[in-house]
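To start, the structure itself, in structure tokens.
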Amino acid sequence: MPKNSKVTQREHSSEHVTESVADLLAHQEPVDYKRSILNVAGESWDKQKEGDEDLDAENRPAWNSKLQYILAQIGYSVGLGNVWRFPYLCQKNGGGAYLVPYLVLLIIIGLPLFFLELAVGQRIRRGSIGVWNYICPRLGGIGYASCLVCFFVGLYYNVIIGWSIFYFFKSFQYPLPWSECPIVKNGSVAVVETECERSSATTYFWYRETLDISNSISESGGLNWKMTLCLLVAWSLVGLAMIKGIQSSGKVMYFSSLFPYVVLVCFLVRGLLLRGAVDGIMHMFTPKLDKMLDPQVWREAATQVFFALGLGFGGVIAFSSYNKQDNNCHFDATLVSFINFFTSVLATLVVFAVLGFKANIMNEKCVVENAEKILGYLNTNVLSHDLIPPHVNFSHLTAKDYNEMYRVIMTVKEGHFKELGLDACLLEDELNKSVQGTGLAFIAFTEAMTHFPASPFWSVMFFLMLINLGLGSMIGTMSGITTPIIDTFKVRKEVFTVGCCIFAFVVGLIFVQRSGNYFVTMFDDYSATLPLTVVVILENIAVAWIYGTKKFMQELTEMLGFRPYQFYYYTWKYVSPICMAVLMTASIIQLGVSPPGYSAWIREEAAEKFLFYPTWAMAILISLIILASLPLPLVFILRQFHLVSDGSNALSVTYKKGRMMKDISNLEDNDETRFILSKVPSETPSPMPTHRSYLGPGSNSPMEMSSAPNGRYGSGYLLASTPESEL
């Protein structure tokens, strides 16, 4: 023991020595730090239990390398939304101008909250349930709510992977099966399938061949066996990737995270060589500055930032909990956030290069069809040949020549122009047709690929990319379930993972019936948005206002080796909670203003039609929101009224590798939770009033210490009668 420590001084002096418990801890002998423990509750020491906790901490799996961890976080955050949601929002909300609100909100909401989740996961080294039980037991429902939302999202997200698997296997043929409408025999006459003729080949293949969709959510139609089989394959892939924890899923990430970038770059190069690709990209990035003043644009940008980084799901916390304590999670947060942003921009370039090509193809088709109508009118003398400009050649008609002819006819035949049924065939109109989600991936993009040279190759690459994007996100989502449950309830990892996948597959059969696509839409729109917003707000409040921003910043300083920027202090404490509260309010208003409904495919009309959810479907919808949010008030009530133990009657402080680690559930703000554990004793704030009187070795000490030869110290504090000695 150091000669100048107060503990040494008291042995040579009869004077009272005033010292804090923090000082006592700071000057303890450095004997076997991994195994020493301070118990400040007067409770019996359970050697077996404590040994199990130490063993669990020592044996916790870890990433094989920093690269593997970064790829896992990128694979989780970069998902299908980057490819089919961000480009749609960018087009809808002002093109290049949309990037400004998105980037601003990424910096003031996304990055700070992503950093917060990484930091708490790495600091406490537990899943979402353990993390929030540690920080604030009364808000321990956050972890359970995250698990439920992860389960709901995983149910339908894996169905999308199943659809991609179906298209992937269908791509190994030439021509692609969705390139032409099927021919059916009506007696001795072969005719084109009516539903396909009235829509398009790719639309027909999606709704009829793939989904075999019913006319409404009320018509179940039974199971679609093809999609059931694909869903089974999808859950088998996820189960195999998760079965050994991060040892297996980490290796999968090398491929699932990097392969999409290879495909996106290949598609970008190929897309830029296509005729009309530049038109699509110019249309995409032509800024509509007036859109920046629209509050709806900012709301949608905030929602996209929120979901793009996977905040609130628990996957971010789960992945970071397998890191070393001194890992620079601030660098990780910044890197992953901006890689996510640049991936979205890259995907947007690819999408609109391809859609620009498709728009040119469709525009040329429109010109040809309408030119044939005009020739018919000329031959029947409905239109005069004098209306046709002399330089127009119908055998080589360009879009420019057609537009000139169209304007002349519209001017001369102003009174009867509508009866002619001619279309303007403007490229701008084709480019303005907004498509997102499944409409982009399984209809618009597949149609564009039918015009590619070597189209099966590009189709295989595209759907393999979607499978990998989905698989990376599913591994993170499943980790948001398995990691906290395994940490909290100590179940066997392999058994729980297999059981979870089997149960999810059985429940997920609701999505592979003929009306399953409507349930996917319901879950996508309502099962996560509102509950996750509440979860992230409470996460922010728990750290910034209950645990304490200053305390958290101090622990980050000790953990990272440098003090994070003050920017994070103000965003965590003020900016992010306010922005998230505004987003939640806007989401509630949006739910109230827009009556819940879905787009149904009507077979007889070969068109989509918006329908409202029936009463029973509304009950399911509301139940999803309530069930996902229920753990929050339930756990609060149970722990507030001490109906279940929150561990607030015990505080264990463990030395570990030169720093103090605590296992604490719930204490008041002015008590032992003020131990901010640091390597430097002088930086450790005292958890008690400034000083405590120690009466020297000859008096009746309020502190009785016993030592054990194995280097473990159990210290029981008998409470003194003075107020300042109360813990």
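The sequence shown begins at 1 in the UniProt record's numbering and counts up by one.
Idealized CB from N, CA, C, for every residue including glycine.
So, helix, strand or coil for residue i, using DSSP?
i: Gln513; result: strand
i: Leu223; result: strand
i: Asn186; result: strand
i: His391; result: coil
i: Leu274; result: coil
i: Asn158; result: helix
i: Leu651; result: With a pLDDT of only 37 at Leu651, under 50, the local geometry of the prediction cannot be trusted, and the value read off the model is given with reservation. Coil, per DSSP.
i: Leu431; result: helix
i: Ile622; result: helix
i: Cys150; result: helix
i: Thr446; result: helix
i: Arg138; result: helix
i: Lys365; result: helix
i: Asn133; result: helix
i: Ala424; result: coil
i: Leu349; result: helix
i: Tyr76; result: helix
i: Pro61; result: coil
i: Asp46; result: Here Asp46 scores only 45 on pLDDT, less than 50, and its place in the model is too uncertain to base an answer on.
i: Ser686; result: Annotation note: pLDDT 37 at Ser686 (below 50); position unreliable, coordinate value reported separately. Reduced to three states, the DSSP call for Ser686 is coil.
i: Phe641; result: coil
i: Lys550; result: helix
i: Trp84; result: helix
i: Phe172; result: coil
i: His396; result: helix
i: Pro631; result: helix
i: Trp572; result: helix
i: Thr286; result: coil
i: Ser479; result: helix
When DSSP builds the beta bridges, which residues end up paired with residue i?
i: Trp545; result: Paired residue(s): none; Trp545 is not in a bridge.
i: Gly597; result: Phe612
i: Ala607; result: Ile602
i: Val192; result: Ile183
Taking a contact to mean a Cβ-Cβ separation below 8 Å, would you say residue i touches residue j in this structure?
i: Leu427; j: Asn370; result: no
i: Ala581; j: Ile537; result: yes
i: Ser220; j: Ser629; result: no
i: Tyr144; j: Ile129; result: yes
i: Val350; j: Leu264; result: yes
i: Met405; j: Cys90; result: no
i: Phe313; j: Cys579; result: no
i: Ala359; j: Asp279; result: yes
i: Val78; j: Asn158; result: no
i: Ala399; j: Val367; result: yes
i: Thr446; j: Thr202; result: yes
i: Ile70; j: Gly470; result: no
i: Phe166; j: Asn468; result: no
i: Lys291; j: Asn432; result: no
i: Ala617; j: Ile213; result: no
i: Ser599; j: Phe610; result: yes
i: Ala301; j: Pro564; result: no
i: Val507; j: Gly140; result: no
So, under 8 Å CB-CB, residue i and residue j are touching, yes? Tell me the CB distance rounded to an integer number of Å.
i: Thr477; j: Phe496; result: That belief does not hold up - the Cβ atoms of Thr477 and Phe496 are roughly 15 Å apart, past 8 Å.
i: Leu621; j: Pro595; result: About 11 Å separates the two Cβ atoms, so there is no contact after all.
i: Met282; j: Val512; result: That pair is no contact at about 41 Å.
i: Ala606; j: Ser199; result: 5 Å
i: Gly121; j: Ala277; result: So it is not a contact: roughly 42 Å between Cβ atoms.
i: Leu148; j: Leu509; result: Wrong, their Cβ atoms sit about 19 Å apart, outside the cutoff.
i: Asn340; j: Leu383; result: With a Cβ gap of about 55 Å, Asn340 and Leu383 do not count as contacting.
i: Ala542; j: Ile142; result: 7 Å
i: Thr549; j: Lys573; result: 5 Å
Three or more C-beta pairs under 8 Å: does that hold for the stretch 489 to 504 against the stretch 520 to 536? no
At a cut of 8 Å, does the stretch 327 to 346 reach the stretch 76 to 94 through at least three beta carbon pairs? yes
Three or more beta-carbon pairs under 8 Å between the stretch 454 to 465 and the stretch 159 to 173, yes or no? yes
Assess contact between the stretch 111 to 124 and the stretch 374 to 381, defined as three or more Cβ pairs (one per stretch) separated by less than 8 Å. Is contact present? no
Counting beta carbon pairs with one atom in the stretch 412 to 423 and one in the stretch 172 to 190, are three or more of them shorter than 8 Å? no
Three-pair Cβ contact test at 8 Å for the stretch 566 to 573 versus the stretch 547 to 558: yes
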